[in-house]
């Protein structure tokens, strides 16, 4: 965690950069290019793959036998249920991606608001807020998500809310660190002296100056949310077990790994590539914002 | 000393609020607990018996105080499903998980310290850039993907040199199956390596760029002496943080990894109890995993301060 905070601190000590110029600069790095390419490819596959699926996700193919490697008319054979592996694979990316997207939106939105507010208000408010967030940080993200989802229901909404709320304190810490140094600058004092409303100062003075570190956080948290939601699916916590989803597919087809590996191989590689792609992209942006790859003179 | 006491008090307070949160969450389950645990077909007598047996008919505050009082005095109550005392059922699980964590720690801590410091000492050379690239890729992967990949390569599709699941006969201790523990340990180690190695690299780079290391070099000291006398002792503080980070991360990682390899520890116990809505077991497991998190962070903070002379004098 300390390296993330150090990163955030070094971000804030530099003049604010706009997300657009950060992106342009980051795309000169090899890892950002590779990450973006993989990420876009996998996202397209996850979102639009289903329109190219030869079968529906519940349809039984061939003779209806499960775990057969060579079923005429299919690319990768049948899965544990007798459905087409390739079709279920094409269907299975969208739920993970959509849930991860909204969870990240919720977590980063709420977390950055609280982080900025804590840095701006300081004092007792800051202390109490950060200590209560520390309570949420004492749980591994997966543990808390697992308990909450098991107690309620594994519906998409509950998954989004839990992953979002467990992401929130992590984002709040980093954004608070970045915003603390902004709030000490003269233009914030000037806005305060002019009698601007707190929300206005927060959104038009502080937010633009932490937006670059927000961009880093958002990408990093998207990577983790995808991994977390896929893990929850792998553990069997998913709204509908008959609906294809990459994490669930791995769990369902795992026992047939020796004689029909495709039901596991395809989703394993898809999740791996998706998380590696978003991870590379996030790191490229992070490095650009922190100024790591621009020579030591500027650090 | 004042710092240590304050930090300890903060840790106890956090743990208290954590226990409240766990209790509220496990009580937030929709519907009647007894009906959910026993199923819809349960007779009214059985439901009534379960409620009075476990004190579910008492006010919620009383339920909390008797639970937390039990935790403090070592009485964890009984499991909803097996009716056996929670501690008796879980103590072999706890020792299995501790053994797994010990093995993973023994493998991953030295390895990540070595990779991180080697990369820092040979900064911007080939090993540094390649390890940074590979570690970045691995860091993004969820543990179950790493584990499943290892199963594909070593236990099923590619080769079958290692068992895909961990098997133990009931009277065997976890070290009775060293071959079976290899894949879980490697999975945990690979998952934790990137974080720890990156933090180590950053810590060592920072020390190497410090004024006192530059001073030592300018005095004409041999590089070896600079490293062992000036650089590494000053990197010990951050390394405490690194080890705590490692342990805390592993404590979360066991949840998926044990389930994946069918390893009989607290991670798979958590999975089972959460599914069965076995609340006394869930509460205890959630509390102990959170406690590991809090205690390791606390020890790391105190360790860092004690190992860093500058901080030590500032705080007393």
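Chains as they are written, first to last, in my numbering: chain A, 39 to 337; chain B, 430 to 745. Glycine residues also receive a C-beta, built at the ideal position from the N, C-alpha and C atoms.
Find out if the Cβ-Cβ distance for the pair residue 207(A), residue 680(B) is shorter than 8 Å. no
Length-filtered (3 minimum) beta strand (DSSP E) runs lying within the segment 550-630 of chain B: none
Residues of chain B with a CB under 7 Å from the CB of residue 321(A): which are they? 565
Contacting residues, own chain, Cβ-Cβ under 6 Å from residue 437(B) (five flanking each side not counted): none
Are any of the Cβ atoms in chain A nearer than 8 Å to that of residue 496(B)? no
From the DSSP output, in three-state form, read off residue 303(A) for me. helix
Anything in chain E within Cβ reach of residue 586(B), meaning under 8 Å, just list it in chain order. Within the model displayed, chain E is absent; protein chains A and B are what it includes.
Can you check whether the C-beta of residue 704(B) is within less than 8 Å of a C-beta belonging to chain A? yes
Does the structure place the segment 535-549 of chain B close enough to the segment 508-520 of chain B that three or more beta carbon pairs sit under 8 Å? no
Do you know how far the Cα of residue 326(A) is from the Cα of residue 150(A)? 20 Å
Which residues, in order along the segment 549-581 of chain B, keep a beta-carbon less than 8 Å from a beta-carbon of chain A? 562, 565, 566, 568, 569, 570, 571, 572, 573, 574, 577, 578, 580, 581
Residue 152(A) to residue 202(A) span [Cα, whole Å]: 14 Å
How far does the alpha helix (DSSP H) with residue 687(B) in it extend, from its first residue to its last? 661-690
Interface flag, residue 318(A) vs chain B, CB-CB below 8 Å: yes
Assuming the contact rule is C-beta atoms closer than 8 Å, residue 595(B) and residue 613(B) should be a hit. Round their C-beta distance to whole Å, please. 6 Å
Short CB-CB distance (under 8 Å) between residue 77(A) and chain B: no
On the criterion of 16 or more Cβ atoms from any shown chain inside 10 Å, does residue 707(B) qualify as buried, or is it exposed? buried
At a Cβ cut of 7 Å, what residues of the segment 436-453 of chain B count as close to chain A, listed as they run along the chain? 443, 446, 447, 450
Residue 569(B) to residue 687(B) span [Cα, whole Å]: 20 Å
If you count every other CB in all the chains shown that lies within 10 Å of the CB of residue 318(A), and 16 or more means buried, which is it? buried
Are any of the Cβ atoms in chain B nearer than 8 Å to that of residue 163(A)? no
Work out the CA separation of residue 497(B) and residue 711(B) for me, nearest whole Å. 14 Å
If the cut is a Cβ gap below 7 Å, which residues of chain A does residue 700(B) touch? 273
Buried or exposed: residue 165(A), going by 16 or more other Cβ atoms within 10 Å of its Cβ? exposed
For residue 134(A) and residue 284(A), which I take to be in contact (beta-carbon distance under 8 Å), what is that distance rounded to the nearest angstrom? 6 Å
How would you label residue 722(B), buried or exposed, when you count the other beta carbons within 10 angstroms and need 16 or more for buried? buried
Quick check on the DSSP output: what are the complete alpha helix (DSSP H) runs of length 4 or more inside the segment 111-138 of chain A, in order along the chain? 123-129
Does the count of Cβ pairs from the segment 250-257 of chain A and the segment 185-200 of chain A closer than 8 Å reach three? no
Compare the C-alpha of residue 508(B) against each of 483(B), 622(B), 584(B) and name the closest. 483(B)
Is it right to say residue 85(A) is buried, meaning 16 or more other beta carbons lie within 10 angstroms of its own, or is it exposed? exposed
Should residue 70(A) be listed as close to the ligand FAD, given that the test is whether its C-beta is under 7 Å from any heavy atom? Questions concerning the ligand FAD fall outside what the structure shown contains, since it holds no ligand whatsoever.
I need the boundaries of the alpha helix (DSSP H) containing residue 297(A), first residue and last residue. Here residue 297(A) belongs to no alpha helix (DSSP H), and DSSP marks it neither H nor E.
Within 8 Å, do at least three Cβ pairs link the segment 295-305 of chain A to the segment 585-601 of chain B? yes
Would you call the CB atoms of residue 243(A) and residue 229(A) closer than 8 Å? yes
Run through DSSP, which three-state label would residue 514(B) get? strand
Would you list, in chain order, the members of the segment 176-193 of chain A that have their beta-carbon closer than 9 Å to a beta-carbon of chain B? 176, 177, 178, 179, 180, 181, 182, 184, 185, 186, 187, 188, 189, 190, 191
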